[in-house]
Structure formats: C-alpha cells, structure tokens
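Trainee: For the sequence shown, the positions run 3 to 479 when this note's numbering is used.
Quick reminder that beta carbons are idealized off the backbone N, C-alpha and C, glycines included.
Just so we're clear, the structure is a prediction, and the values are computed from it rather than from any experiment.
This structure is in structure tokens; I'll ask about it shortly.
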Amino acid sequence: MATSPASHGTSGDDPLKVVIRQDYCIGCGACAAVSGSPYRMMMMPDGRYLPQAQEGLGKVGWMPVRPHQVCPFHEGPNEDVLGQALYAPLSSCHHPDVGYYDGLYAATVVHPHARMRSSSGGMATWLLRTLKAQGLIDGVIHVGRGPGGAEPLFQYQLSTTGRQIREAAGSRYYPVEFSGVLNEVRKRPARYAFVGVPCYIKALRLLAREDDSLRRSIAYTVGLFCGHMKTAAYAEYLAWQLGVQPGELAGIDFRCKSLKQPANRYGLRVWDIWGWERTAPMAELFGSDWGWGLFKPKACDYCDDVAAELADVTCGDAWLPEYVHDGRGTNIVVVRHPELHQLMKAGEARGAITLKALQPEHVRRSQAANYRHRHQGLAFRLWLVQRAGDWHPPKRITPPCVTGVGLWFPRGRLYRQRLTLSRMSHRVYGRARSLSDAGHVRRQLAPEIALYERLRRPIWRRILGAWLRRLRNLRAR
C-alpha cells in the first residue's frame, strides 16, 4: 500500500517536503506564490525549477495557507472534486476522459496568417485576443519569450495588448514557473485570463480557493492538452545538434509549419546569442520522438489529467486522420464555460473561426497514445511504486486497473522501458555537457531506444519476425 507523507519522516510543519524529496514536484511555483511563503523557485542544474526554502521569508507553521495545500501533486481534492464544484452548475455534459464540457469542436481561425503563426489552429490566441478586444479581460497571464543565453528562454508574463498576446503565441516545451507573475498580479488587480498546462491550472485553482485577491483577478482559464513537460535540457540538446552550444541559445521555435507537410511534420528553428539562425525538420533530430519521454520530469508520469479538466476552455492538436494532413493545423477544443462557448459561436457567425462539433470519442482518439500512457500506463507505474512501499500522489487511476496479460506483457515492459529512457536522459545529458560531447547522448541511449522500438511493435509482428529470423537461420545452415 502507498504510505503517507508522515511515514517518510516529513516534519509535521512542512508536508511539502515529501513531494520534493520523492521527486514529484513539477516546478509550477504555486508553493512559492502563497503569500508569506518561505519558498522561492530556482532553476536547478538539470534544467527544471524546484522550490528552495529561504531563511527569513516566513515560517510555514504560522501561515494561514500552507504551501502543500496548493501543490497539484500533494494530497488534496482531485480534478473530479474540483471540476464538479466549478462546472457542474454550468456544463450539462461530463465524460471521464475530458471532464465537464459544454461543447467539443475541431476548430480553426479563418485568418491565414494568424493560423500559420500559431502552433495549431490558432484558437487559443484568437480567444485571448477576442476577450481583450471586447473588454472582458484586462490582460493575459501566459508564457512568453525570456532573455535566452544563460537566462531562461521562456517565462510567465503579463500581456496587456493584442500585439503582446499575439507575439506570445506558440508552443513552449520548456520549464516555467508562475510565482513571480502572480505576485505582480496581486500588485496590479484587474481581470486576467490564465493559460497553462493541466497541473498548472490545478495549482492555480487550489491557490484561488485560498486567496481572495487571486480568485477575483482570474476571470478565465485557458488550458492546453499536455503529453508531458520537458526540462530545459530538451531545447538545449535539440539546438546543440544544430551547432548551437549550450549557454549560447537565444531562442527556439518548436513548431515551424509547412504547407507541404502534414500538421504533425513540423520543423525546428533556433538562433544563438550571435544572431545566427538554423532550421531542421524536427523528425531528423535525435530525441524529438515524444513517445521516448526524454528529459521528462518524473511528475509527468504520475498525472492523469490530459484535457486540462479544470480549465474554462482547453485547446490542443486535432491529431485525427481527417485533419492531420492539413499543414496549417487544426485545434481540438473543449469548452466548459458558457460565456466562452457563446463567444466562439459569435465568432463562427461572423466568419472569424470555423467550428465542427465532435464527440468525446474523437477527443480521446485524437490523443489516444497520451490517454493510454496516462491511464493504463499510470496504473502500472502506481503498482510499481506501491510494490516498493513508497509514497505517491493520490490519483484517480488505481493499481487494480492493471489486469490482463496484455498489459503485463508486453505493455508492462514497454512502460518500464519508458521510465528507463526518461531517467537515463537526465543523467546522460549531464555527462554530455561535462564532456562537451553532444554525441554522448545518442551513443548511450541508442541501445535502450532500440529495445523500446522493438517493444512498441505489436506482438503479432514480433512473433512473425522471430519466426522469419528463425527460418532464415535454418536456410543459412
């Protein structure tokens, strides 16, 4: 059975330490955003944020709101409980894979340049700009570009103009934390829209439950479908393969579109501190395969929310056969807040966006591999943790879901191998940096990736391949 935080020796006045010690911290910054928190977020050498206790900043035991109460990976209300309180009075529909919803759509913006500038169909940016233009919000809390070089490439920021909102469009596969920007929001009370991945949205909801000023300031939340997050090493390593040395990367665009390619065949663009720019197809870069899970924080393997179930609207990629061939990109949109639903309907009526109604099965199919990893795979990982007698965050998926030979073999081996790849990548990249040898990563990981690719093939193909190899060997004799 899973053990409680107290059984791991966590001091009674700071239960958050077990999350940090067991490596389930995602680095969102919620604990540091609590008023009077003793924590500050710091970038670690492995390229992720972690909270660090600072002397003189506060004492946890004296605080009305304690940092662990707002941690998305600590013991607290789950997405079902929080979602019911938020959306049961507003949304008539519920599905276990997407949460509450008022509408499900495949959607795009009509403006060709806006669509091409976006990561997908342009819906998130369109919603945010429309909310600002109609005076429903005063600004947006989202991730924009940082200074680069030795400083973070991306960071949470406040955007108060349509141009700033547009310039922050795009995918950010990079660690960020929001404690600093939320402290700024407290000093500049207004109505904001907050954009984030599922665990960040959950952390914000937990913060807003305890902080009246934040609850009044956050008018809407925009969630993003999430496969998993990356450490800073992911961007650094991709750029290193294009000749940009670690520490000299000034900027990166993870999703360069091409009308000649399907939507899932995008390119990568990087530029260094000297102004030199380089591009390459993402598929040609080692480590870009999302299924390998390289440079993934451990916490991502213990998250069961794919569709940002606590966001007023969630946007993602429509990885469906009928849309993926279009290189301009198409969004899957889950809208939960009726006001945003009406805003989208009005946008469709005036020809600004296109909407095609979908069913929950379409949403799941669009993110099928992600759902398997977060549901079936999570059940297997929780079983491993419980078998070892360690603590893990409470989840809606439980180990008894692990049933049938199909999961234990070969799926169980596949999930184990993903864990191996993820854990190895952090260690191997650190060694590559110390050796100043980018090739070290490929040499060390290639055998493990080859094993993973063999496990990923369907069982009937593996059996057939084994028989064919045996037949060839017999003929060779």
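#1: Ignoring anything shorter than 3 residues or poking outside the stretch 13-60, list the beta strand (DSSP E) runs there in chain order.
#2: Which residues share a DSSP beta bridge with Leu437?
#3: Can you tell me where the beta strand (DSSP E) holding Trp294 begins and where it ends?
#4: With Tyr202 as the anchor, note down where its alpha helix (DSSP H) starts and where it stops.
#5: Compare the Cα-Cα distances from Ala237 to each of Ala440, Arg413, Gly349 and report the closest residue.
#6: May I ask you to list the residues that DSSP assigns as paired with Asn333?
#7: For the stretch 292-307 against the stretch 419-429, are there 3 or more C-beta pairs whose distance is under 8 Å?
#8: State the CB to CB distance for the pair Leu270 and Phe256, rounded to an integer number of angstroms; the pair is presumed to be in contact (CB under 8 Å).
#9: Determine the direct distance from the alpha carbon of Asp392 to that of Arg458, and round the result to whole angstroms.
#10: Ignore the nearest five residues each way along the sequence and tell me which others in Gly141's own chain have a CB closer than 7 Å to its CB.
#11: Got a sec, what are the start and stop residues for the beta strand (DSSP E) Ile167 sits in?
#12: Would you call the CB atoms of His516 and Pro154 closer than 8 Å?
#13: Ordered along the chain, which non-local residues of its own chain (more than five positions away) have a Cβ less than 6 Å from that of Ser1?
#14: Quick one: grab the DSSP three-state call for Leu270.
#15: So for Gly253, helix, strand or coil by DSSP?
#16: Could you give the C-beta distance for Gln446 and Arg413, rounded to a whole number, given that I count them as a contact under 8 Å?
#17: Contact check, Arg444 vs Arg117 under 8 Å by CB: the rounded distance?
#18: Consider the Cβ of Arg147: report whether some Cβ of chain C lies at a distance smaller than 8 Å.
#19: Taking the alpha-carbon of Val21 as reference, which of Met44, Pro40, Leu52 has the nearest alpha-carbon?
#20: If you compare alpha carbons, which of His144, Leu261, Gly150, Arg217 is closest to Ala170?
#21: Report all residues from its chain with a CB closer than 6 Å to the CB of Ala321; omit the five preceding and five following residues, and keep chain order.
#22: Based on DSSP bridge pairs, tell me the residues matched to Ala126.
#23: Would you give the residue range spanned by the beta strand (DSSP E) that Ala152 belongs to?
#24: Cutting at 6 Å between CB atoms, please list the residues of its own chain near Val272, excluding the five before and the five after it.
#25: Roughly how many angstroms lie between the CA atoms of Pro362 and Lys397, to the nearest whole one?
#26: Beta-carbon separation of Pro69 and Val36 under 8 Å?
#27: Would you say the stretch 103-117 touches the stretch 347-364, given that touching needs at least three Cβ pairs under 8 Å?
#28: So, using beta-carbon positions, are Asp284 and Glu179 closer together than 8 Å?
#29: Among Lys134, Asp291, Arg477, Arg376, whose alpha-carbon lies nearest the alpha-carbon of Val308?
#30: What number of angstroms, rounded off, separates the C-alpha of Ser436 from the C-alpha of His442?
#31: Output the distance between the C-alpha atoms of Tyr454 and Trp292, rounded to the nearest integer angstrom.
#32: Taking 6 Å as the limit between beta carbons, can you name the residues of its chain near Cys95, skipping five residues before and five after?
#33: Pick from Leu138, Gly101, Ser260: whose alpha carbon is nearest that of His115?
#34: Does the pairing of the stretch 347-356 with the stretch 223-232 give three or more beta-carbon distances under 8 Å?
#35: Within the same chain, show all residues whose beta-carbon is closer than 7 Å to that of His327, passing over the 5 residues directly before and after it, in chain order.
#36: How big is the Cα-Cα spacing for Ala252 and Asp274?
Mentor: Here's the rundown:
#1: 41-45, 51-55
#2: Paired residues: none, contrary to the question.
#3: That residue, Trp294, is in no beta strand (DSSP E); it is neither H nor E in DSSP.
#4: 200-212
#5: Ala440
#6: Ala109, Asp319
#7: yes
#8: 6 Å
#9: 28 Å
#10: Excluding sequence neighbours, Gly141 sits near Leu160, Ser161, Thr162, Ala192, Tyr194.
#11: Note, Ile167: premise wrong, no beta strand (DSSP E); alpha helix (DSSP H) at 164-169.
#12: Nothing about residue 516 can be read from this structure; the chain reaches only from 3 to 479.
#13: An answer regarding residue 1 cannot be provided, because it is not within the stretch 3 to 479 covered by the chain.
#14: strand
#15: In this structure, Gly253 counts as strand in the three-state DSSP scheme.
#16: Their Cβ separation, rounded to whole angstroms, is 25 Å, which puts Gln446 and Arg413 out of contact at 8 Å.
#17: Not a contact, Cβ separation roughly 35 Å.
#18: The structure shown has no chain C; it contains just one protein chain.
#19: Leu52
#20: His144
#21: Reading off the sequence, residue 321 comes out as Trp, not Ala. Only Ser368 meet the Cβ criterion.
#22: None; Ala126 has no bridge partner.
#23: No beta strand (DSSP E) contains Ala152, which DSSP labels as neither H nor E.
#24: Ala241, Leu244, Val246, Ile254, Arg280
#25: 22 Å
#26: yes
#27: yes
#28: According to the sequence provided, residue 284 is Met. The question's Asp does not apply to it. No, Cβ-Cβ distance for Met284 and Glu179 is not below 8 Å.
#29: Arg376
#30: When rounded, the distance between both Cα atoms is 10 Å.
#31: If I take the Cα positions, the gap works out to 13 Å.
#32: Tyr103, listed in sequence order.
#33: Ser260
#34: no
#35: Pro264
#36: 5 Å
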